[in-house]
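What follows is a short report on a single structure.
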Amino acid sequence: MDYETLFIILPKEPKKWSLEDVSQWLNFVGLQQLQTTFTKNSIDGSCLELIEENDLIEDLGITNKIVRKKLMHWLKTGLKEYASHIKSTTFEDRRYEKMEQENTTLENTESAQPQYGQINISHDMMTNYIKNNEMYSQQFQQPLCEIENKPQFQKKQQTGILIEQDLEKFVSKVQNELIIQPTEGPQTNFYCIKEQGGKIGRHSSNQILILEESISRFHAEVIFQNEEFYIKDIGSTTGTFIKVETKQQLEIGMVVELGSNQFEIQQVNINGTNIDVVMTIIEGPNTPEKHVINLTPQKSVTTVGRKQTADLTFSEDHHLSNIHAKICLIDGRVYLEDMGSTNGSWLRLSRESQPSQLYPLQNQTVFKIGTTSTYLCKRNTQLVADRSHENSCIICIENDRDALYMPCKHNTACLKCSKNLKDCPICRTKIQDIIRIYKN
0 MDYETLFIIL PKEPKKWSLE DVSQWLNFVG LQQLQTTFTK NSIDGSCLEL
50 IEENDLIEDL GITNKIVRKK LMHWLKTGLK EYASHIKSTT FEDRRYEKME
100 QENTTLENTE SAQPQYGQIN ISHDMMTNYI KNNEMYSQQF QQPLCEIENK
150 PQFQKKQQTG ILIEQDLEKF VSKVQNELII QPTEGPQTNF YCIKEQGGKI
200 GRHSSNQILI LEESISRFHA EVIFQNEEFY IKDIGSTTGT FIKVETKQQL
250 EIGMVVELGS NQFEIQQVNI NGTNIDVVMT IIEGPNTPEK HVINLTPQKS
300 VTTVGRKQTA DLTFSEDHHL SNIHAKICLI DGRVYLEDMG STNGSWLRLS
350 RESQPSQLYP LQNQTVFKIG TTSTYLCKRN TQLVADRSHE NSCIICIEND
400 RDALYMPCKH NTACLKCSKN LKDCPICRTK IQDIIRIYKN
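Numbering (numbering that gives the first Met the number 0), first residue to last: 0 to 439.
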């Protein structure tokens, strides 16, 4: 569910939505036909979480089972997750504002001269540290800590700053995302698939939920491996298809969809410079016709279409263009090329109920789930902060923060380093006691 886009439209918790807000939400989830019904019954945000499936049937008159499933999925799961998303987003904004205030505090303390045994952390270094670790919820000032002249601290005392070796732990890493944009069909939601991948289907546990009867419960999945995204059919009934944008080499066992018919390449017979391609229609109105296409150096192209001038004609198939595609012989290999058809030429990843091999999803790749839902892929790469050390002690940057200062209850350093502190590095309250934190 695309909560980020919904946040732009309705940046407040669902229980606070007005009647107009509920209508905007229905339009966002593709159920705009229910706007009048919800408005007529005065259903605002405070009512949404109380609605049960029986209410949809008896009070609102929603008889379509698929529509009820989609609504209940949003009402019982989606809106709760969206409320949590709003809280986390609002919290991040407040943390950023607090960081700006902290920068002013740092400017005032930067010019202070360090006393003996203190670490002098520059303004730029502390600001960079705060940004990289997103520790905006705590008000940082220069720590007033007296550190014994132990070997592990000698280098830091000599330089007076956090050494580069410690800062390298916080370098950013690359995060890959795949934005899936609907182009045709009833779906309107955009989806963002991260490196963890995601599954596609009619079951509510799928990351990409398509509530259509032609879609299998677990239809396909997107996988990220070797720095690339791939799609795989996981044994669906109606299939997963890749749109043929350039020449597609044809091999035995492949299934291609042209118009209403799906053709399986059963044989590619090579006789010198001549090649016979044997195709059988396995699904569609012309099942189970068999067609043999003879390609020679003299006649290396066979056209397929609805028009009588095409070499392979299906005049009754209104999903075919006049000259829909061509099968051609190039350097001893057979290729399929779309001729700018209206409905496109498609490569089916596997036959019915059979899992497929992985197929790479490049930028601008178009794929189809089932018979109507078509999506465009867009690759996105961004740098994100490595948070693996965000709980590290701010003094040694080696151990976890396992010390709690009393009475202020702040937690910024490990127990070992905290023994040398007299005042809290955050609020400068005198430390009366240090309590060890035990973590699982």
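From the three backbone atoms N, C-alpha and C, an ideal C-beta is built for every residue, glycine too. The structure presented is a predicted model; accordingly, all values stated were derived computationally and were not measured.
Taking DSSP as the reference, what is the three-state secondary structure of residue i?
i       : result
Gln-31  : helix
Pro-181 : strand
Ser-83  : helix
Glu-220 : strand
Glu-211 : coil
Asp-399 : strand
Lys-242 : strand
Leu-25  : helix
Ser-45  : helix
Lys-15  : helix
Met-253 : coil
Tyr-2   : helix
Thr-448 : Any answer about residue 448 is impossible in this case: the structure gives the chain only from 0 up to 439.
Thr-492 : This structure gives no information on residue 492, because the portion of the chain shown stretches from 0 to 439.
Asp-432 : strand
Thr-286 : coil
Leu-70  : helix
Asp-20  : helix
Ile-280 : strand
Taking buried to mean at least 16 other C-beta atoms within 10 Å of its own C-beta, is residue i buried or exposed?
i       : result
Ile-455 : Residue 455 is absent from the model: the chain starts at 0 and stops at 439.
Cys-413 : buried
Arg-347 : buried
Arg-216 : exposed
Asp-337 : buried
His-317 : exposed
Met-278 : buried
Leu-49  : exposed
Leu-33  : buried
Gln-361 : exposed
Pro-224 : A quick correction: the sequence has Gln, not Pro, at residue 224. Exposed is the call here.
Ser-372 : buried
Ile-7   : exposed
Val-365 : buried
Val-300 : exposed
Going by beta carbon distance, what residues of the same chain come within less than 6 Å of residue i, once the five residues before and after it are set aside?
i       : result
Tyr-190 : Ile-179, Ile-207
His-84  : Tyr-2
Ile-65  : Leu-210
Asp-432 : Met-405
Asn-342 : His-318
Asn-273 : Thr-295
Ile-222 : Gly-196, Tyr-229
His-409 : Cys-423, Ile-425
Thr-428 : Cys-407
Tyr-81  : Tyr-2
Ile-394 : Ala-412, Cys-416
Lys-289 : Thr-279
Tyr-334 : Lys-246, Gln-248, Cys-327
Using a Cβ-Cβ cut-off of 8 Å (strictly less than) and excluding sequence neighbours within five positions of residue i, which residues of its own chain qualify?
i       : result
Phe-37  : Leu-18, Val-21, Ser-22, Leu-25, Leu-59
Gly-44  : Glu-12, Pro-13, Lys-14, Lys-15, Trp-16, Ser-17, Asp-20, Val-21
Glu-250 : Ile-264, Val-267
Thr-370 : Ser-213, Thr-237
Would residue i pass as a contact of residue j if the rule is Cβ separation under 8 Å?
i       : j       : result
Pro-284 : Ser-259 : yes
Val-291 : Ile-326 : no
Gly-197 : Glu-220 : yes
Ile-192 : Gly-200 : no
Gln-307 : Glu-282 : no
Tyr-374 : Thr-62  : no
Val-233 : Pro-359 : Here residue 233 turns out to be Ile, not Val, going by the sequence shown. Cβ distance not < 8 Å, so Ile-233 and Pro-359 don't count as in contact.
Asn-321 : Arg-332 : no
Leu-454 : Lys-242 : Absent from the structure is residue 454, since the part of the chain shown begins at 0 and ends at 439.
Ser-349 : His-323 : no
Gln-381 : Gln-174 : yes
Leu-55  : Leu-70  : yes
Glu-256 : Trp-345 : yes
Thr-187 : His-218 : no
Give every residue of the same chain whose Cβ lies closer than 7 Å to the Cβ of residue i, excluding the five residues on either side of it in the sequence, and list them in chain order.
i       : result
Arg-435 : Asp-401, Ala-402, Leu-414
Leu-166 : Interpretation of Leu-166 is limited by its pLDDT of 47, a score under 50 that renders its predicted location unreliable; the figure taken from the coordinates is listed afterwards. Contacts found: none.
Practice task
Could I get the ranges of all uninterrupted beta strand (DSSP E) runs contained in the region 299 to 374, with 3 residues as the minimum, in chain order?
Solution key: Listed in chain order, the complete beta strand (DSSP E) runs (minimum 3 residues) inside the region 299 to 374 are 300 to 304, 324 to 329, 332 to 337, 344 to 347, 365 to 368.
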